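Single-structure report; data block below.
Protein chains in written order, with this note's numbering: chain A, 1007 to 1359; chain B, 477 to 793.
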């Protein structure tokens, strides 16, 4: 009896039949040994060929993923070489960006990227942990699911929408109320005061950071909430049973239990904040300057690329922008690799729960 | 009550109120954005928006060319990314599970999953626009496909990992070749999960702006030529919102509302698809086939929450 599975015509099966002629020598020995009926060997040969082809197709697809990343790195390095050789290491620590003189120093966008992402994390992490804690521990049970679902759907809002909202609504609000207050109350303080000097433009590093924070908020929150919910009820109940307060349950049971997931979620949020283009471009001010004040306009790597790439015709200018891209890639790669490495280290230490 | 207990409960009250306060602030801001989007967006929606081309400032117009362009490029990108993504995900979940290449490819896929989308735009500019010497809708679709690809790979990989091993063994024992086991058994069992991943990928790319800036660029006029620059909603929103003209800004809000609505529909669809398949998946832990790795990823978290929505609907019944 021949094993027949081809009852219905199947596009993949037809493709396989065309691709694989029925010849194969390698199975012969196995067929001999297993005493398979001679009329079946042909089918087995065919199957073996088909499997090899299917495997090869899937392998090529997976290889394509690797090739894409390799191609991206190669393109960035190749494109960055002219600017990097012309500028030397000064590219990284000078902040003159002059397209007329062909002088490119990337410090301002690099600093802008790091500072806005830091602001986003400083605001975003506590708020999203607060929301997650609220949703898993405090909120009435009826409301938990609708609010959680709403937050997850909000994570899908495209970043350009956060950008225009930031430009038309957040910026005037900051300029009118928040920034004057910051300048009045925090400005005179030593050290911290340096961060809040200058006129309230509205747009600037702080504005960009806040828009980023709001953008990553639903993202980090939904991961945090999901991770919080993986804590077994038994653990939580035991802690409550011992007389722990809600705070103690969260700090001493829930957070330690899901440390791995929390780090993963925060790092993904950070990766997003670092690479975000559209939400920032609207509100950052797009000026190549470094200022101690958070209220001053600045720029980020992605905003600089988005603004100038289409207008860049000089080879050096293009190359400098691609070099900026390379720096951005290295920063995000480091963050992601670090996150992976931390997750692996924790996994290993805890012997893979 | 001892002083220690009093202190602990005082700390508790402070932390709880902080948590409620942050939750309120966060939710208020998110609510504010949604409300602005809906109110400004709805007032911009009218028939002209769907029938007229993007106008020069001061004359009536709509977003018809941008809507069609966005739909075409997103569709083309999904046509490119879906088969490759599913095959690659199959390899990573099945054949390359323990190999060195497999673990490297999985790592790289995770990097691509969160690589800044503007870099994908730069890269695609480098290998399509530069040699062709002009911007084109093809370049835009390829850029979007490269962003959708890792999402599909990851979700396929996760969903195939959930298919019980005994199912494969049963199929193999009936005499099915390996590829047949994958195509007719594993893909079918993981089908709705994979479809969810594809829908989420579509939702993700339909709002992407940055990769289109240097690939598809934009087009003021009606064009369905894939070899020419093509209008698309995200870039039109970007251009129009930054313009000083009121009517352009109005169109930008209309476009933002449309695109968010489309993404919402895709997300809800993804939830429905994955909710329908949940009862079968929930019985999987009993078979001991859930992968032990609890790493939360945005995709997975969505599946998990989809499980909770399905409990909600079933309890309502």
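Don't be surprised by glycine CBs; every beta carbon is placed ideally from N, CA and C.
It should be emphasised that the depicted structure is a prediction, and the values quoted were computed from it without experimental measurement.
- Residue burial annotation: residue 527 of chain B is exposed, with fewer than 16 other C-beta atoms found within 10 angstroms of its C-beta.
- Chain order gives no chain B residues near residue 1354 of chain A, where near means a beta carbon separation below 9 Å; the closest approach is about 13 Å.
- The beta-carbon of residue 1263 of chain A is placed no less than 8 Å from the nearest beta-carbon of chain B.
- The C-alpha of residue 1251 of chain A lies about 7 Å from the C-alpha of residue 484 of chain B.
- Contact residues of the stretch 1290-1302 of chain A toward chain B are absent (C-beta to C-beta distance below 7 Å).
- The DSSP-derived three-state label of residue 701 of chain B is coil.
- Counting only residues of its own chain and dropping the five nearest sequence neighbours on each side, residue 1153 of chain A has a CB closer than 8 Å to the CB of 1141 and 1145.
- Assignment of residue 627 of chain B by DSSP, reduced to helix, strand and coil, places it in the helix class.
- Boundaries of the alpha helix (DSSP H) harbouring residue 1246 of chain A: 1239-1247, taken from the DSSP string.
- With at least 16 other beta carbons inside 10 angstroms of its own, residue 694 of chain B counts as buried.
- Taking a C-beta cut-off of 9 Å against chain A, the contacting residues of the stretch 619-632 of chain B are 622, 625, 626 and 629, listed in chain order.
- For residue 498 of chain B, the chain A residues whose Cβ falls inside 9 Å of its Cβ are 1132, 1133, 1134, 1135, 1136, 1137, 1139 and 1140, in order along the chain.
- Residue 1341 of chain A places its beta carbon 8 Å or farther from that of residue 1284 of chain A.
- Residue pairing by DSSP places residue 1291 of chain A opposite A:1304 in a beta bridge.
- Nearest neighbour of residue 719 of chain B by Cα position, chosen from A:1331, A:1059, A:1173 and A:1335, turns out to be A:1173.
- For residue 1110 of chain A, the three-state secondary structure derived from DSSP is strand.
- Annotation for residue 696 of chain B: no alpha helix (DSSP H) segment contains it, and DSSP assigns it neither H nor E.
- Here the alpha carbons of residue 1228 of chain A and residue 1157 of chain A stand approximately 7 Å from one another.
- Short of 8 Å from the beta carbon of residue 739 of chain B, and not among the five residues preceding or following it, lie these beta carbons of its own chain, in chain order: 679, 682 and 683.
- Considering only A:1335, A:1345, A:1344 and A:1351, the residue with the shortest C-alpha distance to residue 1077 of chain A is A:1335.
- For residue 651 of chain B, no alpha helix (DSSP H) encloses it, and the DSSP letter there is neither H nor E.
- For residue 641 of chain B, no CB of chain A lies under 8 Å from its own CB, so it is not counted at the interface with that chain.
- Under the three-pair Cβ rule at 8 Å, the stretch 1208-1217 of chain A does not count as touching the stretch 1241-1256 of chain A.
- Annotation for residue 511 of chain B: the continuous alpha helix (DSSP H) segment containing it runs 479-520.
- With 16 or more neighbouring CB atoms inside 10 Å of its own CB, residue 1282 of chain A falls in the buried class.
- The C-beta separation of residue 605 of chain B from residue 622 of chain B comes to about 14 Å, leaving the pair out of contact by the 8 Å criterion.
- Sequence-ordered contacts of the stretch 1042-1062 of chain A with chain B read 1053, 1056, 1057, 1060 and 1061 [C-beta pairs closer than 7 Å].
- Scanning B:633, B:650, B:689 and B:495 for the CA closest to the CA of residue 671 of chain B turns up B:633.
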